[in-house]
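According to the numbering used here, the sequence shown is numbered sequentially starting from 3.
In what follows, a single structure is set out as structure tokens and then discussed.
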Amino acid sequence: MDIEEPIKEQGSTFSLDILALTNEARNTYGLRHQDYSRYRQYCAKRVHRLRESVNFVHSKGSRFNQAREVTEADLNDVRFLHIVLFDVERAWSYAMELKRESRSSGDTRKKHHLIKKLKKAAKLGEKLENLCSREAGKVDTRTVLEAQAYSALMSGYLLFEKQSWQAALDKFAAARTIYEKLSAAGTAHQETLCQSAIDDIDPNIRYCAYVLRLGADNVSDVEALVKMTIGKNKGVGLDLLEAEVESVLAQTRQEKAASLTSITWRGHTVPLRNADLAICILKAQDATTNLENASDADVEEATKMEMFDSLLEAYGDAERFAKNAVKEDMEATAKVKSSKSDQISTDLNFVYNYVAYNYLSRRIQRNLMLVDSLRHKLGQEHSEGARFIGGKYQDIVKLYDNVLQAI
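Next up, the structure:
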């Protein structure tokens, strides 16, 4: 995006696609070839052009002067957020340039200098997060979360260089959690950017876990490490992430629901008229995608069970909406019938059958997975000579009974 071009405001709030902006700038101006010096110079020039474009230059009359700081009161144009963002990028790229030089020369002064620059990047990242906070009310929810992730990442880099391993792990885990959730709440391009950010974060998480001796000998299971870290830090703000991300997901589903006007199943396509039902189906489709991705990856059984529970909850909600729609239609047609009543009733019953089928089939899959898990545990206990395991056989029988009832 050209700097001098006016940057549009989204309704009453701004939208700042941090990952897209930084990814494009980094790849275009040096970082594709790890040229941090070129990228730093580009960031400096871009900040200068941005300041000129919004008439936010340094004060005159002094040879040496401080740059004017962006405050919440200045946020009448999203370009003020761009100024802070590329100030962060400039400090970070300078630190990475110094890091490379310190490795090749062994100069400890460069090490101190790079930490100083990372401190600046972390401080500016925190400032960007504050300007984009929910309390400020200047940006949309997705931008709030992206700013939180970006700030956490910059703080993580600083703590990593200072060898504060646990604190660094906490920051990296927070950033990864946000990017992972946001990957399911956007366009295909946004999903790719989030996954790329996760790929960059994971080696840092593994190294922190290795130094801290976490996860026994298996530090490759990043999902488990992040889950453990988030679980330990529920009281320091990370517990709010799920609610905020769910807000973004809900907003995205509402936007998609407007375009979900029909469903196709078993060779038939029928219109979908109920907006609430469309949102529930979209939520179930998102949960299905997460579950299928987990099946291809090395994901713990407990995590898969949580995904199944989310999927069944979504289809359960959809079934209730579909059932109510069928009931209301029956009551309406009992009073008044039109030439389209029969077709509308047929379509509503088709949608209900589609939802009920998916709900029952997924419940069967979940129960069969539980059966496999119990059979595996029973096999281990038999080999170890365990006693009094009759209760687990009863659990298996009950699960099979549930499967038969669902068929």
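For every residue, glycine included, the Cβ atom is placed at its ideal position computed from N, Cα and C.
Practice item. Would you kindly check if the distance between the Cβ of C196 and the Cβ of L184 is under 8 Å? Key: yes
Practice item. For K173, count neighbouring Cβ atoms within 10 angstroms of its own Cβ and tell me buried if that reaches 16, exposed if not. Key: So K173 ends up on the buried side.
Point to revise | Which residues DSSP lists as bridging P273, in chain order | key: Bridge partners of P273: S264.
**Study point:** Where T143 falls: helix, strand or coil (DSSP)
**Key:** helix
Practice item. Specify whether the stretch 352-370 and the stretch 266-273 touch according to this definition: at least 3 beta carbon pairs, one from each stretch, less than 8 Å apart. Key: yes
Check your understanding: Closest by CA to R368, which one among D202, F88, F310?
Key -> F310
Exercise for review: Determine the direct distance from the alpha carbon of N351 to that of N206, and round the result to whole angstroms.
Suggested key: 52 Å
Review point. For T179, which three-state DSSP category applies?
Key: Correct three-state label for T179: helix.
Review point. Which first and last residues belong to the alpha helix (DSSP H) in which G318 is found?
Key: 303-337
Review point. Where does the unbroken alpha helix (DSSP H) through H115 begin, and where does it stop?
Key: First-last of the alpha helix (DSSP H) with H115: 110-133.
Exercise for review: For G32, count neighbouring C-beta atoms within 10 Å of its own C-beta (all shown protein chains included) and say buried if the count is 16 or more, exposed if not.
Suggested key: buried
Review point. To which residues of the same chain is A97 closer than 6 Å at the C-beta, ignoring the five residues directly before and after it?
Key: L116, K119, L120
Review point. Cα-Cα, which of E54, F16, S95 is closest to R34?
Key: S95
Review point. Roughly how many angstroms separate the alpha carbons of D403 and Y361, rounded to a whole number?
Key: Rounded to whole angstroms, the gap between the alpha carbons of D403 and Y361 is 17 Å.
Review point. Which whole-angstrom value is the C-beta distance of V224 and R208, which I expect to be below 8 Å?
Key: 7 Å
Exercise for review: Could you round the C-beta distance between I85 and L52 to whole angstroms and report it? I think they count as a contact, below 8 Å.
Suggested key: 5 Å
Review point. For E148, is the classification buried or exposed, using 16 other Cβ atoms within 10 angstroms of its Cβ as the cut-off for buried?
Key: buried
Practice item. Less than 8 Å between the CB atoms is what I'm expecting for F82 and V72, so what's the real figure, rounded? Key: At roughly 5 Å, the Cβ-Cβ gap stays under 8 Å, so F82 and V72 are in contact.
Review point. Since N57 is in the alpha helix (DSSP H), which residue starts that stretch and which ends it?
Key: Segment: none, N57 is in no alpha helix (DSSP H) and carries neither H nor E.
Practice item. Given a cut-off of 8 Å, decide if C282 and T252 are closer than it, judged by their beta-carbon atoms. Key: In the sequence on display, residue 252 carries Ala and not Thr. Here A252 is not near C282, since their CB atoms are 8 Å or more apart.
Check your understanding: Tell me which same chain residues have a C-beta within less than 8 Å of the C-beta of T110, skipping the five on either side of it?
Key -> S104
Point to revise | L21 versus K325: straight-line alpha-carbon distance, rounded | key: 42 Å
Point to revise | Collapsed DSSP secondary structure at T77 in the structure displayed | key: As written in the sequence, residue 77 is Leu, which differs from the Thr given in the question. Correct three-state label for L77: coil.
Review point. Quick one: Cα of K113 to Cα of L370, how far?
Key: 56 Å
Check your understanding: Are M156 and A124 close, meaning C-beta to C-beta below 8 Å?
Key -> For M156 and A124, yes; Cβs fall inside 8 Å.
Review point. Residues in its own chain within less than 6 Å of S312 by CB, not counting five upstream and five downstream?
Key: A289
Point to revise | Straight-line gap, M332 to R275 (C-alpha atoms, nearest Å) | key: 16 Å
Point to revise | Residue range of the unbroken alpha helix (DSSP H) whose run includes R22 | key: The sequence shown places Ala at residue 22, not Arg. It spans 20-30 - the alpha helix (DSSP H) in which A22 sits, taken as one unbroken run.
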